[in-house]
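Here the structure is laid out as structure tokens; the discussion comes afterwards.
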Amino acid sequence: MKSLTELYKVGSGPSSPHTMGPEKAARIFKSENEDAERFKALIYGSLAKTGKGHMTDKAIIKALSPFPTEIEFVPHADFILPHPNTIDFFAYKDGRQTTSMRAVSIGGGDIVIEGREEMLAPDVYRENSFV
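As structure tokens, this is what we get:
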């Protein structure tokens, strides 16, 4: 069972997987690319279909500010997504792409970054039911 700090989170927007998760992923990407001049985010699947209404783009732009950020919604990707709430982030410097990161917003403001699945918060209580 997760701790209360993991179960209850305050965030912007009407939907945690559509705002809190993408914003968290963008903050991590920005912190790892402090020398970037600009960013780009490709928002796929469910996030792309509802992203404007759920303010996914605004959450990402806020997290990556003050750097210029291009947002592209891709509701129908030409490849199989690992999850309906997938985002690809790209950092640029001197006019070329320097790095990228794929993140999945799995709900409740939690994310999984491709290649870093161990980032999920561990269970702190051994109980898994109240029965």
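With the first letter of the sequence shown counted as 1, position 125 gets the number 125 in UniProt numbering; the numbers rise by one all the way through.
Here a beta-carbon is modelled for each residue, glycine too, at the ideal position from N, C-alpha and C.
Gly95: which of Ala103, His76, Lys40 sits nearest, CA to CA? Answer by Cα proximity: Lys40.
Per DSSP, what are the beta-bridge partners of Leu42 in this structure? Note: Leu42 sits in a beta bridge opposite Glu72, Asp88.
**OP:** Provide the residue(s) that pair with Gly107 in DSSP beta bridges, ordered along the chain.
**Re:** Bridge partners of Gly107: Asp110.
* Tell me whether His76 is buried or exposed, calling it buried when 16 or more other Cβ atoms sit within 10 Å of its Cβ. => Exposed, by the Cβ-count rule.
- request: Output the boundary residues of the alpha helix (DSSP H) element that contains Leu64.
  value: Looking at the DSSP string, the run of the alpha helix (DSSP H) that includes Leu64 is 56 to 64.
Which of helix, strand or coil DSSP assigns to Arg96: DSSP places Arg96 within a strand segment (E or B) once states are collapsed to three.
Own chain partners of Glu72 with C-beta closer than 6 Å, once the 5 adjacent residues on each side are dropped | For Glu72, the CB contacts under 6 Å within the same chain, skipping 5 residues up- and downstream, are Leu42 in chain order.
(Q) Using CA atoms only, rank isn't needed, just tell me which of Ala26, Thr19, Leu47 is closest to Ser100. (A) Ranked by Cα distance from Ser100, the first of Ala26, Thr19, Leu47 is Ala26.
For Ile28, the first and last residue of its enclosing alpha helix (DSSP H) = Its alpha helix (DSSP H) spans residues 20 to 32.
Euclidean distance between Cα positions of Ser105 and Gly51: The alpha-carbon atoms of Ser105 and Gly51 are separated by roughly 12 Å.
*Beta-carbon separation (whole angstroms), Ala63 vs Glu114, contact threshold 8 Å*: Under the criterion of beta carbons closer than 8 Å, Ala63 and Glu114 do not qualify as touching, at roughly 18 Å.
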